[in-house]
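Chemist:
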Amino acid sequence: MKLIFLNIIAATFFVPATISAQKASVPYSRYINGLSNDTLYIATGTTYLFDVDTPENEGLKSTTPTVRDLVSDLSRQAPGYSILTPAGVPKKEGLIVTGDRLLVRSKGRSLKQYPIALRRGALKGILEIEQPRRTVGSQGDLVINYTVGQRSPNATIVITLPADFKADPGNTFINIIGRGEVLLQKLEQQSIGRTGSNYSYNKTGHVQFSKDGKQITLTGLDLRPSNGVDIKITIRGAGFSKTGVHGFTAYYTTREPEILRSPESNALVTVTQAISDLQRVPDSSTYQADMPDRYSYTTLKWPRVSASRMIIQQSTNGGKSWTTSDASIDMRNGIGQLKGLQPGKLHLFRILVSGGKHQGASNVVSFFSGKPDIKQFGVSGKGDTDDTEKINAAIDSIYRLGGGTLLFTTGTYNVRTVHLKSNVWLYLEKDATIQALKGGDAPELTWFSSKKYRSGLSPTDMGPYAHPENWLTKQDVGHAYFRNAMFTAVREDNIKITGNGYITGNGNLVTSDKVMDNKPDNRNDKMFSLKLCSRIEIGGIYRKEDLWYDSTSDAPYFITPNKGRDFNTDNMLKIDRAGHFVLLATGTDGINVHDTYFAKDNSSNARDIYDFMACNDVYVRNIYSKVSSDDIVKPGSDCSLGFTRPAKNYKIRNVIGDTNCNLFQIGSETADDITNICVDNIYVLGANKAGFSISTNDGGLVRNIHLNCGETGPLHSRSKMFRTHTPFFISISNRGRVLGAEARLFKFTENGTSRNELLVTNVNIGRVENITLNGIDISEVYAGSSYGKANKRWPEFDGSQRMASPIVAGYALPATNNVEGGLPFRLPNGIHTGYITNISFNDIHLLVKGGHPVSDTAANPPELGVGQYNVSNLKTQPSWGIWAKHVKDLAITNSTFDYEQPDHRYWLFLNDAKNIRLVNNRVAGTPTIGQRETTGLQ
1 MKLIFLNIIA ATFFVPATIS AQKASVPYSR YINGLSNDTL YIATGTTYLF
51 DVDTPENEGL KSTTPTVRDL VSDLSRQAPG YSILTPAGVP KKEGLIVTGD
101 RLLVRSKGRS LKQYPIALRR GALKGILEIE QPRRTVGSQG DLVINYTVGQ
151 RSPNATIVIT LPADFKADPG NTFINIIGRG EVLLQKLEQQ SIGRTGSNYS
201 YNKTGHVQFS KDGKQITLTG LDLRPSNGVD IKITIRGAGF SKTGVHGFTA
251 YYTTREPEIL RSPESNALVT VTQAISDLQR VPDSSTYQAD MPDRYSYTTL
301 KWPRVSASRM IIQQSTNGGK SWTTSDASID MRNGIGQLKG LQPGKLHLFR
351 ILVSGGKHQG ASNVVSFFSG KPDIKQFGVS GKGDTDDTEK INAAIDSIYR
401 LGGGTLLFTT GTYNVRTVHL KSNVWLYLEK DATIQALKGG DAPELTWFSS
451 KKYRSGLSPT DMGPYAHPEN WLTKQDVGHA YFRNAMFTAV REDNIKITGN
501 GYITGNGNLV TSDKVMDNKP DNRNDKMFSL KLCSRIEIGG IYRKEDLWYD
551 STSDAPYFIT PNKGRDFNTD NMLKIDRAGH FVLLATGTDG INVHDTYFAK
601 DNSSNARDIY DFMACNDVYV RNIYSKVSSD DIVKPGSDCS LGFTRPAKNY
651 KIRNVIGDTN CNLFQIGSET ADDITNICVD NIYVLGANKA GFSISTNDGG
701 LVRNIHLNCG ETGPLHSRSK MFRTHTPFFI SISNRGRVLG AEARLFKFTE
751 NGTSRNELLV TNVNIGRVEN ITLNGIDISE VYAGSSYGKA NKRWPEFDGS
801 QRMASPIVAG YALPATNNVE GGLPFRLPNG IHTGYITNIS FNDIHLLVKG
851 GHPVSDTAAN PPELGVGQYN VSNLKTQPSW GIWAKHVKDL AITNSTFDYE
901 QPDHRYWLFL NDAKNIRLVN NRVAGTPTIG QRETTGLQ
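In our numbering, the protein residues as written are 1 to 938.
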């Protein structure tokens with residue numbers, strides 16, 4: 001049975017187009033520049049616009065629309081538009097030209113023809129008011145969103161407020177291209193992010209308020225990046241003193257590739273005497289637990305108004321009849337609580353006000369008391385159709401209802417790209433499968449080309465630095481595009497994908513960095529792509545018990561209260577074959593991922609698991625990854641938003657996995673600061689790079705990183721590391737991929753070896769500070785991941801696998817006397833050595849393979865430079881216990897260091913080390929310490 005609320009939505013909540021074809025009028029189109037004396041003016045101009053295939057020298061594009069573009073844009077609101085040539089012949093193809101005509105029809109009848117003329121101008125922007133209906137005399141936030149029609153650097157935006165409404169600089173906030181909200185009068189103080197000196201902006205923008213407070217002018221805006229809404233203005237405590245319709249306008253001016261002004265965009269606010277801004281408060285619980293009564297209650301809110309009496313009425317028959325709800329009403333604060341709602345019904349609610357000037361019925365809001373089944377939206381679940389459009393339509397319907405949960409029951413559902421929306425949750429029952437098809441959304445169009453650099457580790461590749469402001473080339477291509485994903489969202493809030501079903505890329509999500517070389521229908525490389533979103537949950541059915549690992553059965557289990565082992569993982573969400581990323585979250589805050597089992601049935605087509613770029617307030621818990629080819633948990637910060645953004649506040653607990661890379665990795669993208677990360681109870685089954693890695697390469701500060709310190713909750717176990725190339729890789733390099741970075745090729749010598757490679761000349765070297773590593777058992781130290789081993793879980797050590805000591809490696813630029821022609825630059829802060837400072841190894845039990853000859857004590861690993869910042873670049877270390885270079889305030893306490901075979905290298909090697917504290921350690925053999933330029937050894 002189809003859900004009846006689909007029709008109710010259309011009848012009750014969709015607002016018809018304000019310009020009717022019956023009256024032979026023209027609806028909104030971004031191509032229309034104006035209408036005068038029945039002549040329709042179409043904007044023409046130029047902009048830069050690249051798709052991933054556009055040659056680098058062919059990005060300058062005309063904005064003149066084609067016939068298809070214009071007709072399609074007009075027909076989004078109402079059908080009945082076509083183009084005629086000057087001779088009156090129907091025109092189906094080609095560009096719009098002066099002399100063409102727009103024919104408006106309705107019900108097959110020709111109503112009017114508009115002669116067309118081209119006029120220089122920018123494409124029209126979109127102006128929206130988030131809550132366009134307001135109650136007179138009430139106060140609340142007024143949110144204005146404006147998105148320009150074409151990109152430009154150094155742009156200007158002018159917003160005009162209604163005549164009887166004004167904004168106060170002291171209560172007006174702004175968010176420009178997702179950089180973050182700031183008080184408008186402090187806009188010029190907002191950080192532009194971390195940049196090099198070749199970046200042409202030193203402020204986010206400039207603002208001018210007209211004296212009457214009715215016009216806001218923003219100048220100097222870098223609107224080349226496109227991150228959803230360009231300008232979000234929030235006026236706190238806004239109110240209207242008069243009823244009626246109030247108009248807002250906005251326009252913008254571009255500066256490149258030419259100066260063009262857009263026509264004004266309009267938005268209306270309707271102010272009424274009766275309450276017209278009643279809202280339902282969407283559920284935003286921390287966990288999407290399948291509680292029996294979750295859908296039997298809801299909360300309403302409305303503006304505080306004076307009234308002698310209020311009741312909440314409800315209807316379950318589409319508004320045909322209304323009854324009084326048994327609701328708890330707080331009139332003073334404008335809040336109503338409803339409980340015990342009849343399940344499986346579409347409920348409509350309104351307030352009936354008695355007494356005072358606001359008396360009468362309010363607007364109507366809706367709530368579905370249950371989880372509508374996707375099959376009720378016409379999706380069969382038989383796995384033999386492309387279900388993308390119907391699933392997206394279902395999500396949109398629930399979004400328009402104010403949010404809810406879309407249920408996927410037993411069946412197989414095929415999708416290309418699903419567009420997630422605010423307050424809409426997806427729930428997968430145990431036998432539900434969502435699987436990817438080829439042909440997902442194309443990567444977005446951009447101001448710059450990404451072709452100069454898409455991936456690679458070359459120390460001589462100038463691609464990332466060729467254009468200092470091209471954000472697309474500052475990280476690998478997979479990070480730079482967001483639309484080419486199985487699930488995607490930009491600037492959305494309160495999204496959940498939970499349950500104990502199964503999501504698979506099905507071999508149709510790409511893992512390669514050369515993804516853009518594929519055919520257009522094979523460029524999806526992400527399962528979940530989230531850009532500047534908030535309050536996200538992805539995971540199984542929540543269990544409060546901790547997840548851990550049993551080596552005998554090679555399986556995860558939950559630790560029961562009596563220390564028992566529950567191997568039933570049916571609560572977990574199952575994910576496999578997810579392409580380059582299971583989750584690429586960029587600029588997204590409030591993330592909760594939990595209770596997820598990766599690669600249970602298929603380990604192919606799996607690369608990174610969780611990549612958190614410039615994200616804050618992240619919680620990771622109870623994750624098992626049988627095997628993957630890249631990092632399992634990766635906090636970082638890159639330039640893919642067109643600016644950098646710091647990352648902080650992570651709590652990570654019970655992560656178990658085997659990887660061809662690192663189980664936990666900070667970086668390598670470190671364009672901004674990354675701080676306050678607490679990781680407890682990790683179990684490394686194999687890692688062909690490091691078990692726990694910190695790499696700051698791009699100038700970022702990494703600070704306050706704690707492993708196994710009990711900061712996510714009580715520790716249930718010591719952390720474990722097996723089969724790692726190195727257990728710890730903590731490093732700094734000179735890659736410097738930030739906006740405005742400059743790099744030059746230098747020839748220099750280091751330790752008698754000639755090097756010919758890039759050095760970044762205008763970005764400060766990053767820092768690593770306050771690192772605590774505690775309570776970890778480490779053995780089988782060799783690159784022994786089972787990745788790529790089809791017939792054997794883990795290969796035994798045979799002496800051929802790579803091995804490395806635990807590594808702490810700061811970075812120093814070459815001395816000027818070692819550089820051919822001298823070192824002709826100084827970094828902005830004048831500091832040419834990046835030290836790793838205040839690092840503690842406590843209660844570490846390390847058992848290495850050993851067997852190295854005494855000759856290896858002469859090894860002198862190189863500095864980590866541009867394109868050379870992995871453990872493999874350091875080759876052999878002169879010590880088997882810990883090797884540390886460019887380090888201050890290093891403490892090694894209460895730890896044991898042992899080998900399986902005698903190792904004739906130093907136990908500890910210190911190079912350019914200051915203030916070293918060694919307390920209560922037990923070391924096998926003769927605990928010799930190698931030193932170069934070391935002071936303060938205790």
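From the three backbone atoms N, C-alpha and C, an ideal C-beta is built for every residue, glycine too. Remember, it's a predicted structure, so these values are computed and weren't measured experimentally.
Can you tell which of T204, G99 and G334 has the C-alpha that lies nearest to the C-alpha of N154?
Modeler: Along the sequence shown, one-based indexing puts residue 154 at 154. Measuring from the Cα of N154, the nearest candidate turns out to be T204.
Chemist: When the Cα of H347 is compared with those of W322, V353, M331 and V271, which residue comes out closest?
Modeler: If you number the sequence shown from 1, residue 347 lands on position 347. Answer by Cα proximity: W322.
Chemist: Using DSSP's beta-bridge definition, name the partner residues of S315.
Modeler: Walking along the sequence shown from the start, residue 315 turns up at place 315. S315 is bridged to L348.
Chemist: Where do the N-terminal and C-terminal ends of the alpha helix (DSSP H) with I398 fall, by residue?
Modeler: The residue you call residue 398 lines up with position 398 of the sequence shown. That run of the alpha helix (DSSP H) goes T388 to R400.
Chemist: Mapping the DSSP letters down to three states, classify M516 as helix, strand or coil.
Modeler: The sequence position of residue 516 within the sequence shown is 516, counting from 1. In the structure shown, M516 sits in a helix (DSSP, three-state: H, G or I).
Chemist: By DSSP, does D521 sit in helix, in strand, or in coil?
Modeler: Here residue 521 corresponds to residue number 521 of the sequence shown, with the count starting at 1. Note: D521 maps to helix in three-state DSSP.
Chemist: Across which residues does DSSP place A809 in a beta bridge pair?
Modeler: Translated into positions along the sequence shown, residue 809 becomes position 809. Looking at the DSSP assignment, A809 forms a beta bridge with S731 and K885.
Chemist: Run through the DSSP bridge pairs and tell me what C678 is partnered with.
Modeler: The residue you call residue 678 lines up with position 678 of the sequence shown. Looking at the DSSP assignment, C678 forms a beta bridge with K651 and H706.
Chemist: Using the Cα positions of I929 and S786, report the straight-line distance between them to the nearest angstrom.
Modeler: As a working mapping, residue 929 is identified with position 929 in the sequence shown. As a working mapping, residue 786 is identified with position 786 in the sequence shown. Distance between the alpha carbons of I929 and S786: 34 Å.
Chemist: For E780, count the other beta carbons within 10 Å of its own beta carbon; 16 or more makes it buried, fewer makes it exposed. Which is it?
Modeler: Numbered from 1 along the sequence shown, position 780 holds the residue referred to as residue 780. Buried is the call here.
Chemist: Please name the residue or residues paired with M572 in a DSSP beta bridge.
Modeler: Translated into positions along the sequence shown, residue 572 becomes position 572. The partner list for M572 (beta bridge, DSSP) is empty, contrary to what the question assumes.
Chemist: Is the region 852 to 862 in contact with the region 834 to 841, if contact means three or more CB pairs nearer than 8 Å?
Modeler: No, because fewer than three Cβ pairs between the region 852 to 862 and the region 834 to 841 fall closer than 8 Å, the two stretches do not touch.
Chemist: Along the chain, where does the alpha helix (DSSP H) that runs through V71 open and close?
Modeler: The residue you call residue 71 lines up with position 71 of the sequence shown. That run of the alpha helix (DSSP H) goes V67 to S75.
Chemist: Let me check understanding here. Comparing Cα to Cα, which of S455, L745, R723 and D168 lies closest to S210?
Modeler: Start at 1 with the first residue of the sequence shown, and residue 210 comes out as number 210. Nearest of S455, L745, R723 and D168 to S210, Cα basis: D168.
Chemist: Looking only at its chain, what residues have a beta carbon closer than 7 Å to the beta carbon of T569, apart from the 5 residues adjacent to it on each side?
Modeler: Taking the first residue of the sequence shown as 1, we reach residue 569 at position 569. For T569, where only same-chain residues beyond five positions count, the Cβ hits under 7 Å are P556 and Y597.
Chemist: Quickly, what does DSSP pair D608 with across the bridge? List them, please.
Modeler: As a position in the sequence shown, residue 608 is number 608, starting the count at 1. Per DSSP, F581.
Chemist: Go ahead and pull the three-state DSSP assignment for T857.
Modeler: Against the sequence shown, residue 857 aligns to sequence position 857. In the structure shown, T857 sits in a helix (DSSP, three-state: H, G or I).
Chemist: Determine, using beta carbons only, whether M613 and G590 come nearer to each other than 7 Å.
Modeler: Taking the sequence shown and counting its residues from 1, one reaches residue 613 at position 613. Taking the sequence shown and counting its residues from 1, one reaches residue 590 at position 590. Cβ distance not < 7 Å, so M613 and G590 don't count as in contact.
Chemist: For I144, which residues of its own chain have a beta-carbon under 7 Å away from its beta-carbon, when the five flanking residues on both sides are left out?
Modeler: Position 144 of the sequence shown holds residue 144. Counting only Cβ-Cβ distances below 7 Å, and skipping sequence neighbours, we find I129, I159, I233 and F248.
Chemist: With the cut-off set at 7 Å, would you say Y453 and P464 are in Cβ contact?
Modeler: The residue you call residue 453 lines up with position 453 of the sequence shown. The residue you call residue 464 lines up with position 464 of the sequence shown. A contact, by the Cβ cut-off of 7 Å.
Chemist: Rounded to whole angstroms, how far is the Cβ of K371 from the Cβ of T405, which I believe are closer than 8 Å?
Modeler: The sequence position of residue 371 within the sequence shown is 371, counting from 1. The sequence position of residue 405 within the sequence shown is 405, counting from 1. With 8 Å as the limit, K371 and T405 qualify as a contact, their Cβ atoms being about 4 Å apart.
Chemist: Can you find the residues in the same chain that come closer than 7 Å, C-beta to C-beta, to I192, ignoring five residues on each side of it along the sequence?
Modeler: In the sequence shown, the residue the question calls residue 192 occupies position 192. Around I192: Y201, N202, K203, T204 and F643.
Chemist: For the 8 Å Cβ check, are there 3 or more pairs between the region 254 to 263 and the region 39 to 48?
Modeler: Segments in contact, yes.
Chemist: Using DSSP bridges, identify the partner residues of Y899.
Modeler: As a working mapping, residue 899 is identified with position 899 in the sequence shown. Partner(s): V848.
Chemist: Assign V919 to buried or exposed, taking buried as 16 or more other Cβ atoms, counted over all protein chains shown, within 10 Å of its Cβ.
Modeler: Counting from 1 along the sequence shown, the entry for residue 919 is found at position 919. With fewer than 16 Cβ atoms within 10 Å of its Cβ, V919 is classed as exposed.
Chemist: Could you work out which residue in L407, L685 and P303 is closest to A432 when comparing CA atoms only?
Modeler: Position 432 of the sequence shown, counted from the start, is the residue given in the question as residue 432. Per the Cα distances, L407.
Chemist: Check for me: the beta strand (DSSP E) holding H904 runs from which residue to which?
Modeler: Here the question's residue 904 lines up with position 904 in the sequence shown. Neither: H904 is in no beta strand (DSSP E) and is coded neither H nor E.
Chemist: Give every residue of the same chain whose Cβ lies closer than 7 Å to the Cβ of K430, excluding the five residues on either side of it in the sequence, and list them in chain order.
Modeler: Within the sequence shown, residue 430 is the residue found at index 430, counting from 1. Excluding residues within five positions, the ones whose Cβ falls inside 7 Å are N500, G501 and D570.
Chemist: If I follow the unbroken alpha helix (DSSP H) through A267, where does it start and stop?
Modeler: As a working mapping, residue 267 is identified with position 267 in the sequence shown. Element bounds for A267: not the alpha helix (DSSP H) but the beta strand (DSSP E), S265 to T272.
Chemist: With which residues is T324 paired in a DSSP beta bridge?
Modeler: As a first step, residue 324 must be located in the sequence shown, where it is residue number 324. Answer is Q313, bridged to T324.
Chemist: Does DSSP classify A21 as helix, strand or coil?
Modeler: Along the sequence shown, one-based indexing puts residue 21 at 21. Only weak support is given to the placement of A21: the predicted model assigns it a pLDDT of 32, under 50, and the value that follows is read from those uncertain coordinates. Helix, per DSSP.
Chemist: Y251 to G121, Cα distance in whole Å?
Modeler: Along the sequence shown, one-based indexing puts residue 251 at 251. Along the sequence shown, one-based indexing puts residue 121 at 121. One C-alpha to the other measures close to 11 Å.
Chemist: Does the Cβ of L947 have 16 or more other Cβ atoms within 10 Å, making it buried, or fewer, making it exposed?
Modeler: No answer is possible for residue 947: the residues shown for the chain start at 1 and end at 938.
Chemist: Rounded to whole angstroms, what's the CA-CA distance from L759 to N734? Just pull it up for me.
Modeler: For the purposes of this step, residue 759 is identified with residue 759 of the sequence shown, where counting begins at 1. For the purposes of this step, residue 734 is identified with residue 734 of the sequence shown, where counting begins at 1. Straight-line Cα distance between these residues: approximately 7 Å.
Chemist: Would you say L437 and N414 are within 7 Å of each other, going by their C-beta atoms?
Modeler: Counting from one through the sequence shown, the residue named residue 437 turns up at place 437. Counting from one through the sequence shown, the residue named residue 414 turns up at place 414. Taking 7 Å as the Cβ cut-off, L437 and N414 qualify as a contacting pair.
Chemist: Given a cut-off of 7 Å on the beta-carbon distance, is the pair G334 and P303 in contact?
Modeler: Position 334 of the sequence shown holds residue 334. Position 303 of the sequence shown holds residue 303. Contact: yes.
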